[in-house]
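The next block holds one structure in the form of structure tokens; read it before the comments.
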Ligand SMILES: [Mg+2]
Ligand SMILES: [Mg+2]
Ligand SMILES: [Mg+2]
């Protein structure tokens, strides 16, 4: 059913949906998933969103033609946002999947699935974004077929909570733990939080180790340099592969 | 409906309900809420509680007359305690609110609300005390209208749990995180745990920072010197105010 | 109803069910519970399990005769494993209890209780093993009569989660906190995680302190030297005993 089933979910590299040159470069770092972002990376206006839809649609076509081996997803705006229905026009049948951010209740997921089906896009893989207080609280009802992967978004979660992000990250230990656990229970691949310090390899590496210990299988990446680091951390070692046999 | 709606919930300063001179000094540090405590700060005997009710009632009247700008709450004993019904006699209509400690189930909250209504005190704001294992587990059913604020009480929680309080506080990270999260979900103002080291400004400041990162909007205070510190930590910075606009 | 009600649940010392000499030495370190293990400590084959059943049954008889003061439990294999029904043959009426590992749902517990009843073993105390993602998620339905104690198993939990165990242990802080809390709510004695570093007294002591702060009343032990340390940490101090009166 899936056009480009990614063999693994260790890295999902985002690029702004309104930047055609950046989108075309997504495959260079060989991420397991390349995500054309219509949401957080695009300004919150109708005109900016509309431009991004067109750019992303064209980039998706270009990527399918030139990098057929690259699994490409598009991140739509939230189902309850004023952009969702029109965002669907950016989706092409060559895509591997779609990301539904800020999911909070089963009804939103059902609505999104319904609209995808109406457009003949039921074959797309679905990644669920769990990144609000309500989303974490109701995650169990959001992590179910046809959702095949999910991410926990710490920045948006803490903003919604009214908290503050800290170096140590204790403020997200509970929700981050809980989302990984529920993903496991649902058989859904789990992507760990973004590391916003783009030029700090050590910070990414350390945070990815924590994410892996918590049960995540990969990381959201927002810079190509993060992809290789994610693959290092989330690739099972030869000992682990041996043990599994 | 509310006599003295506090503009903010950054600090709630407690004083023992049986100490008239201390009660009258509550407004000096300008706490967002001043709480006349009939519960933990008063010995667990009928005579001590009765004396405290009378002292607190008189202090409430005095505060309303001399410091009408000060929002004043009274903390009653737990609904399931032998003191609750008689504690209601300490409440005056000039109060801004009432604190219901050690809430554990919806039925207890309903019972308290019923008794408040019977005495014509339905206009009082209600602060819920979440400070037992059962209270944390059932917090979702306790954080709802007319509850407008709540606090997490770490000392009582850990005593009820049969655990031990530690410097690092890892033993309360999960319940402390969860209560803040459920408060946010319910739209209820969240007060963070007491810092018992009265003369350690650094300890209070650090713990308040953690509380803020976890989503709390203010702190329970048990010493006037803690109030100013709480306001420092929980007042949004100019940058944050700008961002919100 | 109980043959050997242990006065306390501070230590539960495991020994491999297939090693008769080790089993007979279990009482030497005076653990509150001695557990003859048919599960993790015995290879995962029918023949090894069968041999262990016979060895454990004989050891149970020997311990009852020579150390009648020692409370002895047998850990069976998981209810949903291919070994469970035959494991019941290893149980003798002199035992104090039985450990049901990797419990995940109420139906499994009910099935185990049913089979115990059929064999006339309803008088045995039951310890529940909570050590999988599903077990933690559904722990509330597993911690109920006749379960009198439970343990959280970090190694198996993290393996099931697909995570990695770390020195700091942040990856189990949430489930470890939650299991202790639910045990308290259910009135069930809670045993904390195994410390696998057998020769590191400091590591055991520190981890036991954390377990105690989280509300655990004792520790699973896998080496006799851990028993005394557990008793040190989990015995209430004279001050605590005084306070309770
Ligand atoms: Mg986001
Ligand atoms: Mg209290
Ligand atoms: Mg185990």
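Protein chains in written order, with the working numbering: chain A, 1 to 245; chain B, 1 to 245; chain C, 1 to 245.
Beta carbons: idealized from backbone N, C-alpha and C, even for Gly.
Just the Cα atoms here: how many angstroms apart are residue 224(B) and residue 137(B)? Stepping through the second chain from its first residue, residue 224(B) is reached at position 224. Stepping through the second chain from its first residue, residue 137(B) is reached at position 137. If you take the alpha carbons of residue 224(B) and residue 137(B), they lie about 32 Å apart.
Taking Cβ to Cβ, would you say residue 12(A) is nearer than 7 Å to residue 170(A)? Looking up residue 12(A) in the first chain gives position 12. Looking up residue 170(A) in the first chain gives position 170. No, these two residues do not count as a Cβ contact at 7 Å.
Contact criterion: CB-CB distance below 7 Å. Does residue 4(B) meet it with respect to chain A? For this step, residue 4(B) is matched to residue 4 along the second chain. Residue placement at residue 4(B) cannot be trusted, given a pLDDT of 44 that sits under 50; the coordinates are not used to answer.
So is the beta-carbon of residue 39(C) under 6 Å away from any non-hydrogen atom of ligand 2? Against the third chain, residue 39(C) aligns to sequence position 39. No, since every heavy atom of ligand 2 falls outside the 6 Å radius drawn around the Cβ of residue 39(C).
What first and last residue would you give for the alpha helix (DSSP H) that runs through residue 85(B)? As a working note, residue 85(B) is residue 85 in the second chain. Counting along the chain, the alpha helix (DSSP H) containing residue 85(B) begins and ends at 84-87.
Residue 188(A) and residue 29(A) - do their beta-carbons sit closer together than 7 Å? Against the first chain, residue 29(A) aligns to sequence position 29. Against the first chain, residue 188(A) aligns to sequence position 188. No, these two residues do not count as a Cβ contact at 7 Å.
Would you check if the distance between the CB atom of residue 150(B) and the CB atom of residue 143(B) is smaller than 7 Å? Numbered from its first residue, the second chain carries residue 150(B) at position 150. Numbered from its first residue, the second chain carries residue 143(B) at position 143. Contact flag set, yes.
Does the region 99-113 of chain C come into contact with the region 43-60 of chain C, if we say contact requires no fewer than three beta-carbon pairs (one atom in each stretch) closer than 8 Å? no
Residues in the same chain with beta-carbon distance under 6 Å from residue 235(A), minus the five sequence neighbours each way, listed in chain order, please. For the purposes of this step, residue 235(A) is taken as residue 235 along the first chain, with counting starting at 1. Excluding residues within five positions, none has a Cβ falling inside 6 Å.
Straight-line CA distance for residue 176(B) to residue 132(B)? To locate residue 176(B), count along the second chain from 1; it is residue 176. To locate residue 132(B), count along the second chain from 1; it is residue 132. Between residue 176(B) and residue 132(B), the C-alpha separation is close to 12 Å.
Alpha helix (DSSP H) runs contained entirely in the region 100-186 of chain A, provided each spans 4 or more residues: 106-118, 133-137, 139-142, 154-161, 173-186
Return the bridge partner residues of residue 220(C) from the DSSP annotation. As a working note, residue 220(C) is residue 220 in the third chain. Residue 220(C) is bridged to 12(C).
On the DSSP letters alone, give me the boundaries of the alpha helix (DSSP H) that residue 207(C) sits inside. By 1-based counting over the third chain, the position of residue 207(C) is 207. Residue 207(C) -> alpha helix (DSSP H) spans 201-213.
Residue 42(B) lies in the alpha helix (DSSP H); which residues open and close that run? What you label residue 42(B) is simply residue 42 of the second chain in a count that begins at 1. No alpha helix (DSSP H) holds residue 42(B); DSSP gives it neither H nor E.
With DSSP as the reference, identify every bridge partner of residue 234(B), one or two as the case may be. Residue 234(B) sits at position 234 when you count from the first residue of the second chain. For residue 234(B), which the question treats as bridged, DSSP gives no partner whatsoever.
Cβ of residue 166(C) less than 7 Å from any chain A Cβ? In the third chain, residue 166(C) corresponds to position 166, counting from 1. Yes, contact with chain A.
CA-to-CA distance, residue 207(C) to residue 173(C), given in whole angstroms: Within the third chain, numbered from 1, the residue matching residue 173(C) stands at position 173. Within the third chain, numbered from 1, the residue matching residue 207(C) stands at position 207. Rounded to the nearest angstrom, the two C-alpha atoms are 12 Å apart.
So, residue 215(B) versus residue 180(B), is the Cβ gap smaller than 7 Å? Taking the first residue of the second chain as 1, we reach residue 215(B) at position 215. Taking the first residue of the second chain as 1, we reach residue 180(B) at position 180. In contact: residue 215(B) and residue 180(B) (Cβ atoms closer than 7 Å).
Determine whether the Cβ of residue 81(B) lies closer than 7 Å to any Cβ atom of chain A. Position 81 of the second chain, counted from the first residue, corresponds to residue 81(B). Not closer than 7 Å to any Cβ of chain A, the Cβ of residue 81(B) fails to qualify, so no.
Quick one: list the residues of chain A neighbouring residue 137(C), beta-carbon separation under 9 Å, in chain order. On the third chain, position 137 is the one that residue 137(C) refers to. 140, 181, 182, 185, listed in chain order.
Given this structure, state the Cα-to-Cα distance separating residue 68(C) from residue 87(B), to the nearest angstrom. The residue you call residue 68(C) lines up with position 68 of the third chain. The residue you call residue 87(B) lines up with position 87 of the second chain. So the alpha carbons of these two residues sit roughly 54 Å apart.
Residue 174(A) at chain C interface by Cβ criterion, 7 Å: What you label residue 174(A) is simply residue 174 of the first chain in a count that begins at 1. By this cut-off, residue 174(A) is an interface position.
Output the boundary residues of the alpha helix (DSSP H) element that contains residue 22(A). Position 22 of the first chain, counting from 1, holds the residue named residue 22(A). Looking at the DSSP string, the run of the alpha helix (DSSP H) that includes residue 22(A) is 20-24.
Is residue 195(B) close to chain C, meaning its C-beta is less than 7 Å from at least one C-beta of that chain? The residue given as residue 195(B) occupies position 195 in the second chain. It does not; no Cβ of chain C falls within 7 Å.
Looking only at its own chain, which residues have a Cβ that is under 7 Å from the Cβ of residue 197(C), when we skip the five neighbours before and after it? What you label residue 197(C) is simply residue 197 of the third chain in a count that begins at 1. Closer than 7 Å at Cβ, skipping near neighbours: 203.
For ligand 2, any of its heavy atoms closer than 6 Å to the Cβ of residue 108(B)? Here residue 108(B) refers to the residue found at position 108 when the second chain is read from its first residue. It does not: the Cβ of residue 108(B) is nowhere closer than 6 Å to a heavy atom of ligand 2.
Between the CA atoms of residue 113(A) and residue 158(B) - distance to the nearest angstrom: Taking the second chain and counting its residues from 1, the one referred to as residue 158(B) is at position 158. Taking the first chain and counting its residues from 1, the one referred to as residue 113(A) is at position 113. Cα-Cα distance, rounded: 44 Å.
Give the secondary structure of residue 97(B) by DSSP, where H, G and I count as helix, E and B as strand, and everything else as coil. The residue you call residue 97(B) lines up with position 97 of the second chain. Three-state result, residue 97(B): strand.
Assuming residue 65(A) and residue 92(A) make a contact with CB atoms under 8 Å, what is their CB distance in whole Å? Along the first chain, read from residue 1 onward, the residue named residue 65(A) stands at position 65. Along the first chain, read from residue 1 onward, the residue named residue 92(A) stands at position 92. So it is not a contact: roughly 11 Å between Cβ atoms.
Using DSSP's beta-bridge definition, name the partner residues of residue 35(C). As a first step, residue 35(C) must be located in the third chain, where it is residue number 35. Note: residue 35(C) sits in a beta bridge opposite 14(C), 73(C).
Give me the Cβ distance between residue 32(A) and residue 9(A), rounded to the nearest whole Å; I'm assuming they're in contact under 8 Å. Your numbering for residue 32(A) matches position 32 in the first chain. Your numbering for residue 9(A) matches position 9 in the first chain. Correct: roughly 6 Å between the Cβ atoms.
Go through its chain and collect everything with a Cβ distance to residue 80(C)'s Cβ below 7 Å, but skip five positions before and after it. Start at 1 with the first residue of the third chain, and residue 80(C) comes out as number 80. The answer, listed in chain order, is 108.
Would you mind giving the Cβ-Cβ distance between residue 166(B) and residue 166(C), rounded to the nearest angstrom? I have them listed as a contact below 8 Å. Numbered from its first residue, the second chain carries residue 166(B) at position 166. Numbered from its first residue, the third chain carries residue 166(C) at position 166. In fact, because the Cβ distance is near 19 Å, the residues do not count as touching under 8 Å.
Look at the alpha carbon of residue 72(C) and the alpha carbon of residue 156(C), and state the distance between them as a whole number of angstroms. For this step, residue 72(C) is matched to residue 72 along the third chain. For this step, residue 156(C) is matched to residue 156 along the third chain. For residue 72(C) and residue 156(C), the distance between alpha carbons rounds to 23 Å.
Straight-line CA distance for residue 291(A) to residue 233(A)? There is simply no residue 291(A) to check, as chain A begins at 1 and stops at 245 in what is shown.
In whole angstroms, what is the alpha-carbon distance linking residue 37(C) and residue 192(B)? Numbered from its first residue, the third chain carries residue 37(C) at position 37. Numbered from its first residue, the second chain carries residue 192(B) at position 192. Distance between the alpha carbons of residue 37(C) and residue 192(B) is about 44 Å.
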